[in-house]
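One structure below.
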Amino acid sequence: MVIAEKYIARSSAIAARLIGGEMMIMSAVDSTFFTLNEVATVIWQSADGRTALSDIVIGKICPQFEVDPDQAGRDAEQFVNDLSQHGILMVSEQPILNSPASPPEAQ
Amino acid sequence: MSLLAEMNQKALSLGIPISVHLDITYRCNERCVHCYLDHDDHGEMTTAEIEDILNQLSDAGVFFLTLSGGEVLMRRDFFEIVEHARRLLFNVKLKTNGVMIREPEARRIRALGVEQVQISVYSHRQEVHDAITKLPGSLKRTVEAIRFLKSQGLKVVIANVLMASNLFDNVGVMALAKELGVSYTLDPTITPRMDGDTSTLALRIPGAELKQVFRSQELVGTVEEFCAPPPPPGEDIMDGFPCSAGHTACYITPYGDVFPCVQFPLPSGNLRRQKFAEIWRNSPQLKEVRSIRARDLPTCSTCAHVGTCTRCPGLAYMEGNMRGPSTADCEKSFQRTGIPSANMLRGRASSAIPLIQIQAGSFS
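Chains as they are written, first to last, in the working numbering: chain F, 793 to 899; chain U, 4 to 367.
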């Protein structure tokens, strides 16, 4: 499995709400609007700055959605890169301390 | 369909109040001639009460939160409230006159991740703007606030309420918005006061002048398209509802009263006595609002404008019947297209109908 060790944390400059199982996110920086599917929502909710992306994939995505770890790892990397380019996620090779508040409660 | 439209559709189908307008105070440092509020404090909610309501709104799925007033910065706990709202990851929009916003406040608003700040500007001319706000020097302070907010990279929208006393100053305000690098929105709607006083209606733009405003390409885009006669309504129009009020949106007063919309003062519950979810799901008033379709409107369903009119059910309610016409919107449809509304043809006059009086905090 090829996943570079990455730590991800949610940006504080966003608005987000879980509606009908999908996470709605809007960037306060450029008003870009995103909806995340169930898998992406799990990654988003796990982005606490302390859990490595590989641990999120292996510990949560693979067992929950019964997907191939290699494919899930590649998709997760792509997803994280996309969101980080919009300033929605912060990505680091080290744990991100003082990451923003916990995600909103599920509906 | 855009993602935002999809989100609204999803919220509608799931019965989620995606947008809430919360007035945190009715107190204000301006005394605008057209304002519909009573600025005395009759027992505003405390910080703890507002924070509890924000928690409930978050649980209910509210995404867009507009904080307004009164003047929001009149509350000493204003930043505490915004901070709590942002901690709950609301998309926060502020409505303010900007008079109390200097550089430190602008910096703090930016740091909190507020999405947008809407500021009222009535004229580019100080004597006209200040005469409307009744606060000397207010235009200068407001424009300075816009510059402070812009310098922090915030999105600012100038809201230009148009009435007889600032008629045609919209051109100057648009130029000012352009110079400041901010967006501009115009609203010719003047509503009765919430206590039932209709004197503010005399400030409305007379019909002939409204016609002229609707023929301004800068405001409406393609005039021929904007002023075109309405097409015959299809079944989808007749099965539709007029706006999001009570469906995916509602309004909360500083005293905890819940209305379908800020312009629709139908008391539907009070958050000092009930939980938000209980009001949203079970209020008979909100259920009634949700039940109304265009085909249920006795006059408007027969009107040529039914599919294109901006009919506001709240203004209709304030005229005495939420299923009735809103005469201000009848006038707009007429001045836009030259075609009289069904209500006009029946010869009904808005001034003949007594207004419903609302006392803040009186719901039980």
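By construction, the Cβ of each residue, glycine as well, lies at the ideal position given by its N, Cα and C atoms. In this text the structure is predicted, and so the values were computed from the model without any measurement.
Whole-Å CB distance - residue i paired with residue j, under 8 Å assumed
i: Y29 of chain U; j: G73 of chain U; result: 4 Å
i: H37 of chain U; j: V164 of chain U; result: 7 Å
i: T50 of chain U; j: D80 of chain U; result: 4 Å
i: S22 of chain U; j: A252 of chain U; result: 4 Å
i: I104 of chain U; j: F151 of chain U; result: 6 Å
i: L206 of chain U; j: M166 of chain U; result: 4 Å
Boundaries (first-last residue) of the beta strand (DSSP E) holding residue i
i: E814 of chain F; result: 814-819
i: V95 of chain U; result: 94-99
i: T843 of chain F; result: 840-844
i: L68 of chain U; result: 67-71
i: S823 of chain F; result: Where S823 of chain F is concerned, there is no enclosing beta strand (DSSP E), given that its DSSP letter is neither H nor E.
i: S186 of chain U; result: 186-190
i: N163 of chain U; result: 159-164
For residue i, three-class secondary structure by DSSP
i: S344 of chain U; result: coil
i: Y799 of chain F; result: strand
i: L115 of chain U; result: coil
i: T305 of chain U; result: helix
i: H24 of chain U; result: strand
i: R34 of chain U; result: coil
i: A375 of chain U; result: The structure shown does not extend to residue 375 of chain U, since chain U is modelled only from 4 through 367, so no value can be given for it.
i: G364 of chain U; result: Note that G364 of chain U has pLDDT 40, beneath the 50 cutoff, so the model's placement of it is unreliable and no number is given.
i: I208 of chain U; result: coil
i: V102 of chain U; result: coil
i: F82 of chain U; result: helix
i: M882 of chain F; result: strand
i: S16 of chain U; result: helix
i: E9 of chain U; result: helix
i: N273 of chain U; result: strand
i: D200 of chain U; result: coil
i: S247 of chain U; result: coil
i: I888 of chain F; result: coil
i: V120 of chain U; result: strand
i: T827 of chain F; result: strand
Span of the alpha helix (DSSP H), counted from its first residue to its last, around residue i
i: G865 of chain F; result: 861-877
i: A808 of chain F; result: Counting along the chain, A808 of chain F falls outside any alpha helix (DSSP H), though it belongs to the beta strand (DSSP E) covering 806-811.
i: I255 of chain U; result: It is not in any alpha helix (DSSP H) - I255 of chain U instead sits in the beta strand (DSSP E) that spans 252-255.
i: F229 of chain U; result: 226-229
i: A178 of chain U; result: 173-183
i: F267 of chain U; result: First-last for F267 of chain U: undefined, no H or E at that position.
i: I193 of chain U; result: No alpha helix (DSSP H) contains I193 of chain U, which DSSP labels as neither H nor E.
i: D44 of chain U; result: From DSSP, D44 of chain U is part of no alpha helix (DSSP H); its letter is neither H nor E.
i: M241 of chain U; result: 238-241
i: G317 of chain U; result: 316-321
i: F151 of chain U; result: 141-154
i: H132 of chain U; result: 129-136
i: E281 of chain U; result: 279-285
i: D299 of chain U; result: Premise fails: D299 of chain U is in no alpha helix (DSSP H) and is neither H nor E.
i: V223 of chain U; result: 220-223
i: P235 of chain U; result: First-last for P235 of chain U: undefined, no H or E at that position.
i: N58 of chain U; result: 50-63
Contacts that residue i makes with chain U (C-beta to C-beta distance below 9 Å)
i: I811 of chain F; result: M10, K13, A14, L17, I19, I21, G64, F66
Burial state of residue i, where buried means 16 or more other Cβ atoms lie within 10 Å
i: S365 of chain U; result: With a pLDDT of only 35 at S365 of chain U, under 50, the local geometry of the prediction cannot be trusted, and no value is derived from it.
i: D332 of chain U; result: buried
i: P268 of chain U; result: buried
i: A832 of chain F; result: buried
i: L358 of chain U; result: Below a pLDDT of 50, predicted positions are generally treated as unreliable, and L358 of chain U, at 42, falls in that range; no measurement from the model is reported.
i: Q338 of chain U; result: buried
i: A801 of chain F; result: buried
i: S154 of chain U; result: exposed
i: E238 of chain U; result: exposed
i: F171 of chain U; result: exposed
i: E47 of chain U; result: buried
i: D190 of chain U; result: exposed
i: V174 of chain U; result: exposed
i: D242 of chain U; result: exposed
i: A316 of chain U; result: The sequence given here has Pro at residue 316 of chain U, not Ala. The residue in question, P316 of chain U, is buried, as its Cβ has 16 or more Cβ neighbours within 10 Å.
i: D260 of chain U; result: buried
i: L17 of chain U; result: exposed
i: R314 of chain U; result: buried
i: F857 of chain F; result: exposed
i: N285 of chain U; result: exposed
i: K290 of chain U; result: exposed
Beta-carbon neighbours of residue i, restricted to chain U and to distances below 8 Å
i: F871 of chain F; result: Result: empty, since nearest Cβ-Cβ is about 16 Å, beyond 8 Å.
i: T827 of chain F; result: L6, E9, M10
Contact list for residue i against chain F, beta-carbon separation under 8 Å
i: E118 of chain U; result: A807, M818, A820, S823
7 Å Cβ cut-off: residues of chain U touching residue i
i: S804 of chain F; result: G116
Interface residues of chain A facing residue i [CB-CB closer than 8 Å]
i: N94 of chain U; result: Structure shown: chain A not included; protein chains present are F and U.
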